[in-house]
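Chains A and B supply the protein sequences, listed in that same order. Position one of the first sequence corresponds to residue 36 (our numbering), numbered consecutively onward. Position one of the second sequence corresponds to residue 36 (our numbering), numbered consecutively onward. Cβ coordinates follow ideal geometry from the N, Cα and C atoms, glycine included. On a predicted model such as this, the values are computed, not experimentally measured, just so you know.
2 protein chains.
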Amino acid sequence: MSDRISQLSDWMKENNVDVCFITSKENVFYLSGFYSEAHERLLGMAVFQDIEPFLICPGMDAGNARKSGWSHEVVSHSDTDNPWELTKQAIGKRVSNVRTISIEKEHMNVERFEAFTHLFPKAVFLSAEEKLHQLRMVKDVKELATLREACQLADYAIEVGAAELSEGKTEMDILAAVEYELKRKGISEMSFSTMVLTGKNAAAPHGTPGLTKISRGDLVLFDLGVVLDGYCSDITRTLAFGEINQQQQEIYDAVLRAQLKSLSIVRPGVTCMELDQTARKEIAAAGYGDHFPHRLGHGLGISVHEYPSITETNPLELKEGMVFTIEPGIYVPDVAGVRIEDDVLVTANGFETLTKYPKELKII
Amino acid sequence: MSDRISQLSDWMKENNVDVCFITSKENVFYLSGFYSEAHERLLGMAVFQDIEPFLICPGMDAGNARKSGWSHEVVSHSDTDNPWELTKQAIGKRVSNVRTISIEKEHMNVERFEAFTHLFPKAVFLSAEEKLHQLRMVKDVKELATLREACQLADYAIEVGAAELSEGKTEMDILAAVEYELKRKGISEMSFSTMVLTGKNAAAPHGTPGLTKISRGDLVLFDLGVVLDGYCSDITRTLAFGEINQQQQEIYDAVLRAQLKSLSIVRPGVTCMELDQTARKEIAAAGYGDHFPHRLGHGLGISVHEYPSITETNPLELKEGMVFTIEPGIYVPDVAGVRIEDDVLVTANGFETLTKYPKELKII
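Right, dumping it as structure tokens:
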């Protein structure tokens, strides 16, 4: 069994869980290496304490499951099968008395839960999500290689965006050009809806890109990322289009100082809250404490938002191999919105930024 | 109360449902006019038999809820509130003895369900989804106006794609150009991942666009749609790049005949299965019965896949105001993949296609 599955099995032993039945495509991918979008059809993976796991998936995907390297049993179902009955049988072959089952309670819907509890009416259902979040938080060498490449593509996207800035173009023109170049490199999915926001639009907390034209003296905010082989990158840069005024410069400088200062203390053992508080103090000292309304950052990997959460109150200690964003921002309505975001890896003695586009204010 | 809410209330009376608590953004939008992506925060709408409904949403969205035209109560919650307690209080003010609650069992997750059942431990929970699917199936005048416009943009996207076809370009080049032009018109979201598949790639049931170059003699399949003001369009056209061979032509002609023939019988009272069977017979008669592996079509509106489902076995009768796709296809591995898809409105005496890009084989 893979190391990831073994770690889950260890947790199951500690908590007397007989079966862990995973149904989100993200966690099935993480544990099995098989990525599949089964939509309304059942995709699941069952893990046991000391017995071989199995996958269940629609028949048309069974070949891909094997191709992806899964060496244990694949139970396949057709549209006329009852996949829950097949699941019950495959579990029954492995464990005769199922008392405790763990599932993803944030992912499984009520309809499926009712079907599942109907099969095991006496079982207790626990959530496996907390443990899975913990496992996914620390990345291995292969995951880091993919994340590095995804971050390089995010850097490239900012380069394209910077080159596209010119008088009269709209936010959507620039956004379209950025995504066009990524698609030409074969990127078919962004981590989230790309943001290109100019001037006052960047200062609204819920800005969406539109047909506003960029003007001389605007700060233009780019926030984007790509999905590469199942892993997400996420970068924000704010560029100046023409000369900006003193207050815009002051805001930019405060955000950059906050970003660099919190980044500088990243190493194993430091807590998430220390990072957030460091950036928050720097911004408050510059007089903009009321204009930094969000957490400092979030973990990323298979999901663009995962653990650890870099908030003011999270006591979690950093560990080598964690990857998260550091993205302080200041948003002053009718003046400017500035955010600077890197994807950061915790190394044995410090950190490495995986996104590398320059952060000194670039005037175009 | 709006007509949509009244219809839901009538169903609640017939089924003795005291409270219907809706939490999917699609159905909240459909019933209230308020579109909001609350992510992990609670967005909900409670409907009663004869009492005013209420919305519950994060505080930062409450202003938008009112702006969207919602004239009933808005209960707002902050990140330190327990939104489930607030929901319980707001329900308690309206109904003292809650025995039956309907929810969206395909949408609500187990974690939320446990929080909700904890508040009303004696209540029975039914699914409201079937009724909501039925309501959404028949479109009103305002919905049709939006769908028409979304379909015009889908037609435009095919025009762009056709103009982009030239030797040496890849599927992703063409896809990128199509989405670029849509973004420049302000379209920020596609109904689903755009497909541009050329030659043999179009003949695979699960093709994904990539870096394959188009070649003379290829059939190029486009499948795409846009989201406009919350409503989805969906079109497929297959174009010839250069002269094609006799078998490709034969396949194209069979698909087109099947599409036109099933379309021609659309009117109120005809069943979904009659449509599917009509297309299926035509394709079987051409000798390709084994190469049409999917249903004829699906309803569309706020979701790109909704009711009615146009399958071989669905006895549902068409009604004026229904909108769905008709999209027969033939996929012969290593030879060709052809699909032709329109979005179709059922009118009082027949039908109207909302997508209007020509269907006669276009050779570029």
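For residue 165 (chain B), the nearest beta carbon of chain A is not closer than 7 Å to its own beta carbon. Under the Cβ criterion (8 Å, minimum of three pairs), the region 132-147 of chain B counts as touching the region 162-176 of chain B. Those residues of the region 63-96 of chain A placed with their C-beta closer than 7 Å to a C-beta in chain B do not exist. If you compare the alpha carbons of A:259, A:158, A:332, A:50 with that of residue 131 (chain A), the shortest gap goes to A:158.
Fully enclosed beta strand (DSSP E) runs of no fewer than 3 residues occupy 230-233 of the region 165-253 of chain B, in order along the chain. For residue 117 (chain A), the nearest beta carbon of chain B is not closer than 7 Å to its own beta carbon. By the Cβ criterion, the region 224-236 of chain B is not in contact with the region 283-298 of chain B, since fewer than three pairs of Cβ atoms, one from each stretch, lie closer than 8 Å. Ranked by how close their Cα comes to the Cα of residue 83 (chain A), the residues A:94, A:36, A:300 have A:36 in first place. Among the residues of the region 135-149 of chain B, those with a Cβ less than 9 Å away from any Cβ of chain A are 138, 139, 140, 141, 142, 143, 144, 145, 146, 147, 148, 149, in the order of the chain. Residue 218 (chain A) has a beta carbon lying within less than 7 Å of a beta carbon in chain B. Here residue 300 (chain A) is exposed, its C-beta having fewer than 16 other C-beta atoms within 10 Å. Those residues of the region 291-305 of chain A placed with their C-beta closer than 8 Å to a C-beta in chain B do not exist.
Closest by C-alpha distance to residue 252 (chain B), out of B:246, B:262, B:277, is B:277. A direct Cα-Cα distance of roughly 13 Å separates residue 217 (chain A) from residue 244 (chain B). Under DSSP, residue 267 (chain A) takes part in a beta bridge, and its partners are A:262.
By the C-beta density criterion, residue 281 (chain B) is exposed, having fewer than 16 other C-beta atoms within 10 angstroms. Here residue 206 (chain B) is buried: its Cβ has 16 or more other Cβ atoms, across all protein chains shown, within 10 Å. Taking a 10 Å sphere around the C-beta of residue 50 (chain A), we find fewer than 16 other C-beta atoms and assign the residue as exposed. Listed as beta-bridge partners of residue 330 (chain A) by DSSP are no residues whatsoever. Any Cβ of chain A closer than 7 Å to the Cβ of residue 161 (chain B) would place that residue at the interface, and such an atom is absent.
For residue 172 (chain A), no chain B residue has a Cβ inside 8 Å of its Cβ, as the nearest lies near 18 Å away.
Counted as a single uninterrupted DSSP element, the stretch harbouring residue 63 (chain A) is not any beta strand (DSSP E) but the alpha helix (DSSP H) occupying residues 60-67. Less than 7 Å divides the Cβ of residue 100 (chain A) from the Cβ of residue 92 (chain A). Under DSSP, residue 136 (chain A) shares a beta bridge with A:54, A:160. Bounds of the alpha helix (DSSP H) holding residue 118 (chain B) are 118-127.
In the three-state reduction of the DSSP assignment, residue 388 (chain B) falls in the strand class, which pools E and B. For residue 215 (chain A), the closest Cβ of chain B is nearer than 7 Å. The residue from B:183, B:256, B:211, B:199 with its alpha-carbon nearest to that of residue 262 (chain B) is B:183.
Shown here for residue 44 (chain A): same chain residues with a beta carbon closer than 8 Å to its own, the five before and five after excluded, namely 36, 82, 83, 84, 85 in chain order.
Looking only at A:170, A:169, A:167, A:133, the smallest Cα-Cα distance to residue 152 (chain A) is reached by A:133. Chain A places no beta carbon closer than 7 Å to that of residue 332 (chain B), leaving this residue out of the contacts. When only Cα atoms are considered, residue 110 (chain B) and residue 39 (chain B) end up about 21 Å apart. For residue 108 (chain A), the secondary structure class from DSSP, reduced to helix, strand or coil, is strand.
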